[in-house]
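One structure below.
In our numbering, the protein residues as written are 9 to 425.
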């Protein structure tokens, strides 16, 4: 078997993308945005939704026309050339030592609360998380999609309970008056909130595994983004009503605090579980996408190699196991060296947004008509966000330049010589 198994349905695809977008952001972004812009953050969410629409629709158009495990790198190949494709592919893989371990640490912080007291430790929780990630990925995309769909329903249930016990009324969801004085705060909040929708580029790698990619993949992107956006907005309404923001503790713990205040102490275990599952869902899709990118590169370079092999379940098992070992090493190294998670996340964000930028550039060259116009709008939005990243953007540019222009590209891809 040398092809990925097509088993992702529309429902599973929506669940995969929405839980990936929610991820850890649900537990901190609404409070951070409220702390920056106050009630005007409701307007910031509306603006963000409008800004994300052309990006989501552009990815949907690309995935519908070019469903491939290579994701953005494959789009780049179609629009430009193989050399740039390989550079973007390795750029995406460069987040493995910086971005994914940071997510595992956040998942472990929730996971250790679920462990018995005698064995409760961050490193053990991280190791267990990586082991479960590998196990779920090795069972196939269909199982992963089903699990993430269940997680999405759990998150929706939690937010619904917060609205019910918080007695949210029409007055609470009334949009505040908007003035020019609010605009700087809204812009500042948007720079933080954009990360809620970083994850679409990872989902692009799953297009080849949809049962009907032309029909279901674009719908999954649009509805997944819409679902995640509504959940973020609904959380912000509750955060604003009960003023669950403005302190360092509430910036990262507003949802647990609200749950304890509105539902009671019995919600603590539920919050830890949902927090863990939300982080897990985001990591799960990234491990899937990274393993498929690794498989795609290996298949092109050495089709008969072990990394290019597909298991009986139709998944790149060897690539998944290789990445699992790398994640274990990176997580252990991070715990030993006490690396700054904030810096790691910013470095990863720089890489992700640059990948977005290449996707939008590719779309502008590949698409036609109204889709080309949407791609141009999405390109402008992505450029503005990339500029706001400052030093993290510079890091991503340096990594790409080293991969694209140095001899490393030739060494990694001897066929290009």
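Heads up, the beta-carbon is just placed ideally off N, CA and C, and yes, glycines get one too.
Quick caveat, the model's predicted, so the values are computed rather than measured.
Interface flag, residue i vs chain C, CB-CB below 8 Å
i, result
"residue 381", "Absence of chain C from the displayed structure is noted, only one protein chain being present."
Under 8 Å between C-beta atoms of residue i and residue j
i, j, result
"residue 250", "residue 231", "no"
"residue 301", "residue 78", "yes"
"residue 238", "residue 173", "no"
"residue 80", "residue 209", "yes"
"residue 397", "residue 342", "no"
"residue 391", "residue 365", "yes"
"residue 16", "residue 193", "no"
"residue 167", "residue 242", "yes"
Sheet register partners of residue i (DSSP bridge)
i, result
"residue 16", "218"
CA-to-CA distance, residue j to residue i, given in whole angstroms
i, j, result
"residue 293", "residue 399", "27 Å"
"residue 205", "residue 199", "12 Å"
"residue 406", "residue 334", "23 Å"
"residue 156", "residue 111", "16 Å"
"residue 20", "residue 160", "10 Å"
"residue 307", "residue 71", "20 Å"
"residue 65", "residue 229", "8 Å"
"residue 236", "residue 23", "10 Å"
"residue 27", "residue 304", "25 Å"
"residue 395", "residue 362", "10 Å"
"residue 321", "residue 314", "16 Å"
"residue 274", "residue 37", "24 Å"
"residue 143", "residue 332", "10 Å"
"residue 25", "residue 240", "14 Å"
"residue 417", "residue 96", "Residue placement at residue 417 cannot be trusted, given a pLDDT of 48 that sits under 50; the coordinates are not used to answer."
Contact belief for residue i with residue j at Cβ below 8 Å, rounded distance in angstroms
i, j, result
"residue 14", "residue 268", "So it is not a contact: roughly 44 Å between Cβ atoms."
"residue 56", "residue 202", "7 Å"
"residue 18", "residue 227", "6 Å"
"residue 328", "residue 146", "6 Å"
"residue 127", "residue 30", "Not confirmed; about 29 Å, so no contact."
"residue 3", "residue 299", "Outside the shown range of the chain, which is 9 to 425, sits residue 3, and nothing can be said about it."
"residue 76", "residue 82", "4 Å"
"residue 170", "residue 106", "That pair is no contact at about 33 Å."
"residue 123", "residue 132", "7 Å"
"residue 360", "residue 61", "The pair is not a contact, with the Cβ atoms about 19 Å apart (cut-off 8 Å)."
"residue 244", "residue 50", "6 Å"
"residue 120", "residue 129", "6 Å"
Proximity winner among the options, relative to residue i (alpha-carbon distances)
i, options, result
"residue 109", "85, 92, 134", "134"
"residue 34", "208, 283, 137", "283"
"residue 285", "304, 118, 257", "118"
"residue 183", "322, 53, 412, 316", "53"
"residue 141", "242, 316, 85, 295", "295"
"residue 139", "244, 42, 336", "336"
"residue 290", "344, 211, 316, 219", "211"
"residue 354", "403, 374, 47", "403"
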